[in-house]
Amino acid sequence: MKSAVILFPGSNRERDAARALKQASGQAASIVWHGETELPKGTDVVLLPGGFSYGDYLRCGAIAARSPVMDAVRAHAAKGGLVIGICNGFQILVESGLLPGVLLRNAHLKFICRMQHLKVERNDTAFTRLYRQDQVIEVAVAHGDGNFLADADTLKRIEGEGRVAFRYCDADGIVGKDSPNGSVNSIAGIYSDKFNVLGMMPHPENLIDPLVGGTDGAALFESIAAGLGRAA
Amino acid sequence: MKARVTVTLKTSVLDPQGKAIEGSLKSLGFDGVESVRQGKVFDLEIDGTDKAKAEADIKAMCEKLLANTVIETYRVEIAG
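One line per chain: the protein sequences are C and V, in this order. Each residue of the first sequence is one higher than the one before, starting from 483 at the first, in our numbering. Each residue of the second sequence is one higher than the one before, starting from 16 at the first, in our numbering.
See the structure below:
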C-alpha cells in the first residue's frame, strides 16, 4: 500500500498520520508538499492531515483547497482512489468540492479538545471494514470549526444514500446526547457518493497506540491496508 | 480601479459569532440592538479601466474563492 500525506503550510498532524499509515501497512508514507502537481507514482491512498493550513485565513481549508496538489488529489479521487481528510483535512475536502456541506464555527464558539465517542455507521467501506456495525469507538477531537451543515436537499441525499461515516454519541452509543459542536444530525464524518473519499473531524490517527490511552483509531488504517494489501 | 467585496452569511445560516457580539453589545448597555450578523470586507485594486470586465472578474473570484456560496452571499461594488 502506497500512501501520500499532503503537507500544507500550517498542517501539524502529518507525522501522526504518517505513523498510523505505516503502523497499519508496514510501508512508510510519502509526505507530499502542497505545491506539487502530481502524486507519487502508484499512490493508493491520500491523507489530508489536521492542523491550521494557511492559519485558517479566509475560511478553514479554503486556501489549501485551491493549492496545486489538490487537482492531483481530485484526479486520484475521480479514478476511485482512496482519500481521507481528518479535521482540517475534512475542511479542505468540503472546500475543494470533494465532499458536500460546510464546517462552521462550533455552535458554542469554544475550541473543543477532548476524548469523544463515535458510532460507526457502516462497516462495509474501505475505511471501516475492520470495525463492527454500530461499534462505539473513542477517539480524540480537537477543533474550533467542526459544526457540519448542509442544505436540506444535500442532507437528505447524504442520509438517504447512507453516506454518514461516524456520528458523535455517548459511551452507550446513544446519538444526539453528546454532540460537541452542534453538527446537524450529530454528523462527525461523511463519505463521497462512491465511498472512496472520507472526511471526519475526530482524530483516529492519535489513538493507535496503548501508550497514549487507546487504540480505537487503529482499525481505520488497518481497514485501508487490508483492502490494499500490505505490500504493493 | 478600486473595488469592494462584501461577504455575508446567508440569513438561513446561524451566526454564533454575530450572536456573541450582540450579547456583548447588550451587556455594554446598547439595549436597542435587535441582531448582529458578522461578515467580511475585501478591498481590491484592479488593473485597467473596463468596469464591466472587472465586475465579471471579481464575481468569478467570489465564486471560486472569496465566498463559500453554500453558506455565504457576496456583493461587489466598484468605485467610480
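Note that the Cβ used here is the ideal one computed from N, Cα and C, for glycine as well.
Neighbour-count burial assignment, His615(C), 16 or more Cβ in a 10 Å radius: In the sequence as presented, His is not what sits at residue 615(C); that position holds Gln. Exposed is the call here.
Simplified DSSP assignment, three categories, for Ile536(C): The sequence shown places Tyr at residue 536(C), not Ile. Three-state result, Tyr536(C): helix.
Test: Ala589(C) CB closer than 7 Å to a CB of chain V: yes
Endpoints, the beta strand (DSSP E) within which Phe677(C) is located: Phe677(C) -> no beta strand (DSSP E), and no H or E assigned at all.
Whether Ser535(C) touches Gly583(C) by CB criterion (7 Å): no
Per-residue DSSP class, three states only, for Gly567(C): Strand, per DSSP.
Contact list for Ala544(C) against chain V, beta-carbon separation under 8 Å: Leu80 and Asn83
Cys595(C) versus Ile488(C): straight-line alpha-carbon distance, rounded: 23 Å
Alpha carbon of His685(C) to alpha carbon of Ala75(V), nearest angstrom: 35 Å
Rounded C-alpha distance that separates Asp498(C) from Ile61(V): 43 Å
8 Å contact criterion, which Ile669(C) and Phe630(C) should meet: CB distance rounded: The beta-carbon separation of Ile669(C) and Phe630(C), rounded to 5 Å, stays under the 8 Å limit for a contact.
Cα-Cα separation, Thr15(V) to Val694(C): Summary: the structure shown does not reach residue 15(V), with chain V confined to residues 16 through 95, and so no result is reported for it.
Buried or exposed by the 16-neighbour rule on C-beta atoms within 10 Å, applied to His590(C): exposed
Residues bridged to Arg611(C) [DSSP beta-bridge criterion]: Beta-bridge pairing links Arg611(C) to no other residue.
Sub-7 Å separation of Ile2(V) and Lys66(V) beta-carbons: Outside the shown range of chain V, which is 16 to 95, sits residue 2(V), and nothing can be said about it.
Residue-chain proximity (Ala713(C), chain V), Cβ-Cβ < 7 Å: Reliability fails at Ala713(C), whose pLDDT of 45 lies under 50, so the model's placement of it is uncertain and the value that follows must be treated cautiously. Closer than 7 Å: no.
Any 3 or more C-beta pairs closer than 8 Å across the stretch 597-607 of chain C and the stretch 647-665 of chain C: yes
Rounded Cβ spacing between Ile73(V) and Val91(V) (contact assumed at less than 8 Å): Confirmed, Cβ separation roughly 5 Å.
Span of the beta strand (DSSP E) around Val621(C): Val618 to His625
Enclosing alpha helix (DSSP H) for Val91(V) [first to last residue]: Val91(V) -> not in any alpha helix (DSSP H); beta strand (DSSP E) instead, spanning Glu87 to Ile93.
Member of Glu496(C), Leu710(C) and Ala502(C) whose CA lies at the smallest distance from the CA of His516(C): Glu496(C)
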